[in-house]
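Protein sequence lines correspond, in order, to chains B and Y.
Anchor point for the first sequence: position 75 equals 204 in the numbering used here, and the numbering is continuous, going up by one each time.
Anchor point for the second sequence: position 266 equals 270 in the numbering used here, and the numbering is continuous, going up by one each time.
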Amino acid sequence: MLSKNQARLFFLGGTVVFFLIFLALSVNTVSSGIPKKTHSENITEAVVGGKVLFDENNCMGCHTIFGEGAYYAPELTKVIDRRGEAFVKGVLSSKQSWALHGRKMVAYDFSEKEVNDLVAFFKWVNEVDLNGFPPEPDLKK
Amino acid sequence: MKYKSQKVAYMFFALSMVLLLLQIVYGFIMAFAHAGYDGLHEIIAFNTATATHKNLLVVWLLSGFMGAAYYIIPEEAQRELVSVKLALIQFWSLAIVGVVAVAGFHVGWWEGRKFLEIPRALDYLVVVNVLLFLGIILVTLFKGKEKTTTAMVLAMGLFFAALLYLPGMIWFDNQSMDSFFRWWVVHLWVEGVWELIMGGILAFLLIKLTGVDRELIEKWLYVIVGLTFLSGILGTGHHYYYIGAPKYWLMIGGIFSALEPLAFLGMALFAFAMYRKGEKNHPNKIALYWTLGTAIMSFAGAGLLGIAHTIPQVNMWTHGTLITAMHGHLAFWGAYAMIVFSIISYSMPLMTGRKLYDKPGAHYAFWLSNIGMIGMTTAFAAAGVAQVYLERKVGLDFMVSQNALHVHFWVLIGAATLFTIGILYYVVNFFKHGMPTDEALIDNK
Ligand code: HEM
Ligand code: HEM
Ligand SMILES: [Fe+2]
């Protein structure tokens, strides 16, 4: 039968081994994987400005981006593809709560620069290689 | 209760109870908004409600874990806490930081990062607070007579939980990097180090409630936490499939996260095996209910409902939908809310000397909250499946498919009402115990 010492060894050994593998993979992901997949060279000042606004206003508290966030409002990863730039600008600069289908968005009334930064951010997000997410609807007629 | 300083746990448990009630209020606000009634939109928009709901959850669970540590560590180490005064300072500062954070969410003082919305300035206070907590716990443990495996696993879980808060405090210009390190906190907490905390508390309770030999219980504790890290560390990859990280995570995350339920299965088998083996004469039956309950419900919520969407081919469709909310509720409830309820139910009669465990209210609390939570999970599941089908498979517009889901949120509200009645029974029973007293001390020899 397994002894307590063997059990401890299993715990400590397993933890160290798998932690080291995880660390090695993370280094690879952070140093070359993500920069390549996200075209990090395209992160301009405007894109960062958009990201800051996205963060400060907690857009993720209603929407998802890369599938992460809350499930109250549309997924924004491909919003530029889906809606086009003009539509997105309209939503962001609206003085009234945007509510095309009854559910309200916060009326941010962003300035022109802010709107442009957010659009730059979404355009960058739009081009990130997400290994096929979001999937094409396969039952669409 | 064997040591006077264990009483400090009461404060943390009481804070947990209050914050849990507040968390539930915000849950209802969101459920009504999903059902089409967002009357509070101008005052408490959905993103305020969600940040509050999630952070109150994390804070009340951490407060419960801290209370558990203040109760368990003296008993395991066989000495008083090094300083009750510092523990009380730590308590009040935790409560203040928590209240300020929640108030801040209502005026837009936050970061838009799910679960980590607390703004940077407050993060530093959280760090100081947690360092003080760890200092008290670790010094007590190392000055103690015994360093039991149970205490060491619990302390290790708390220590690494604190350490893993730090990667969440770095700013990244790149959204994918931001997400990558957010999971070092969120995933490595709930599917890593928090399982050590849960395992430590579970082992303590099983030793006390079943009377089975400590050596045997602690041996299996090692096996369980071994399985946790063996699967859970590389299992982080299940969050890296679709965020702009390399493709190898699909394979690695898929395989290792599919193994994660083993640790939860281990906990369930372990708890029941010890129960069968042990004497069945401990008077506090309700503590045993919660203890065995957490072992089963964590396997259901984290294990079964986790594996249901962890394979990349499935997750591709369900990623970021109400399916995730289904799993999130039962997993957090089964594993972490219920373990906190277990230690509270066990320790309150011992701290206060009032044996309220036979009262019907204690049983209503257990059954109503669990049945309610299973109902809520089922409502989220139905909504999630419908959402995946309509939005992802058929390709309907997001809001068009959402408007077809209102009925599921009415079911959610119904089940949540049952759940809330159960919780109210629990909280009322908690406060009926009154304050802890030195008269409840039992002989140390
Ligand atoms: C009356 C009780 C409750 C109700 C009505 C409720 C409702 C909700 C709703 C509507 C959401 C938002 C989903 C979205 O993003 O659109 C949510 C999120 C969440 N709630 Fe609750 N909740 C309740 C209690 C709880 C409890 C007791 C827990 C933990 C044990 C919990 C944990 C969570 C978590 C973890 C999330 C985030 C889920 C995710 O994004 O995947 N909730 N809740
Ligand atoms: C007690 C343990 C667990 C808790 C409290 C928990 C809770 C959660 C929460 C709250 C989320 C949403 C996180 C976010 O979007 O920020 C999530 C996501 C996820 N969990 Fe868990 N979980 C647990 C264990 C597991 C296990 C064991 C598995 C796999 C077998 C699993 C599989 C997943 C997957 C695949 C996602 C991503 C969903 C998506 O793509 O949207 N979880 N979990
Ligand atoms: Fe995870």
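Cβ atoms here follow ideal geometry from the backbone N, Cα and C, with glycine treated the same way.
Distance check between G376/Y and each of G139/Y, T421/Y, Q82/Y and L158/Y places T421/Y closest, using alpha-carbon atoms only. The C-beta of Q27/Y comes no closer than 8 Å to any C-beta of chain B.
In the DSSP assignment, Y368/Y falls within the alpha helix (DSSP H) that extends over P364 to Q391. Collapsing the DSSP output to three states places E199/Y in a helix. About 7 Å separates the beta carbon of L372/Y from that of Y429/Y, a gap short enough to meet the 8 Å contact definition. Among the residues facing chain Y, K269/B is included, as its CB has a counterpart in that chain under 8 Å away. For S160/B, no Cβ of chain Y is located within less than 8 Å of the residue's own Cβ.
Look at T173/B here: in three-state DSSP terms it is coil, with no helix or strand label. Residue pairing by DSSP puts I194/B in a beta bridge opposite E197/B. Sequence-distant partners of D210/B (beyond 5 residues in either direction) whose C-beta falls short of 7 Å from its own C-beta, in its chain, are N255.
At a threshold of 7 Å, S183/Y does not count as near ligand 2, since its beta carbon sits no closer than that to any of the ligand's heavy atoms.
Judged by their CB atoms, M173/Y and D127/Y are nearer to each other than the 8 Å cut-off.
For Y430/Y, the CB stays at least 7 Å from every heavy atom of ligand 1. In the structure shown, E214/B falls within a helical segment according to DSSP collapsed to helix, strand and coil. Short of 7 Å from the beta carbon of E195/Y, and not among the five residues preceding or following it, lie these beta carbons of its own chain, in chain order: G236, G239 and E264. By the rule that beta-carbons nearer than 8 Å mark a contact, F251/B does not touch chain Y. According to the DSSP secondary-structure assignment, E204/B is paired through a beta bridge with T193/B.
Per DSSP, M301/Y is one residue of the alpha helix (DSSP H) stretching across K289 to S302.
If you draw a 10 Å sphere on the C-beta of D442/Y, you find fewer than 16 other C-beta atoms in it, and that means exposed. Shown here for K224/B: same chain residues with a beta carbon closer than 7 Å to its own, the five before and five after excluded, namely A236 and D238 in chain order. A contact is defined here as three or more CB-CB pairs under 8 Å, and the region 360–368 of chain Y fails this definition with respect to the region 29–41 of chain Y. The beta carbon of N186/B falls within 8 Å of a beta carbon belonging to chain Y, placing the residue at that interface. Shown here, M181/Y sits in a helix according to DSSP, grouped into three states.
Look at the region 195–227 of chain B: the residues with a C-beta under 8 Å from a C-beta of chain Y are F195, G196, E197, G198, A199, Y200, Y201, A202, P203, E204 and S226.
DSSP places F345/Y inside the alpha helix (DSSP H), whose first and last residues are M342 to T356.
Scanning its chain for C-beta atoms nearer than 7 Å, with the 5 sequence neighbours on each side dropped, one finds around W193/Y the residues A165 and L168, in chain order.
Judged by beta-carbon spacing, Y340/Y lies beyond the 8 Å limit of M160/Y, meaning their Cβ atoms are not closer than that value. Shown here, D258/B sits in coil according to DSSP, grouped into three states, outside any helix or strand.
Look at A262/Y here: in three-state DSSP terms it is helix.
Going by DSSP, N134/B is part of the alpha helix (DSSP H) stretching over K133 to N157. No heavy atom of ligand 2 is found nearer than 7 Å to the CB of V189/Y.
For H333/Y, the enclosing alpha helix (DSSP H) stretches over residues L326 to A335. Taking all protein chains in view, the Cβ of L170/Y is surrounded by fewer than 16 other Cβ atoms within 10 Å, so the residue is classified as exposed.
Neighbours of A175/B across chain Y, judged by C-beta separation under 7 Å, do not exist; the nearest C-beta is about 12 Å away. Nearest C-alpha to F50/Y among N187/B, V176/B, L152/B and N260/B: N187/B.
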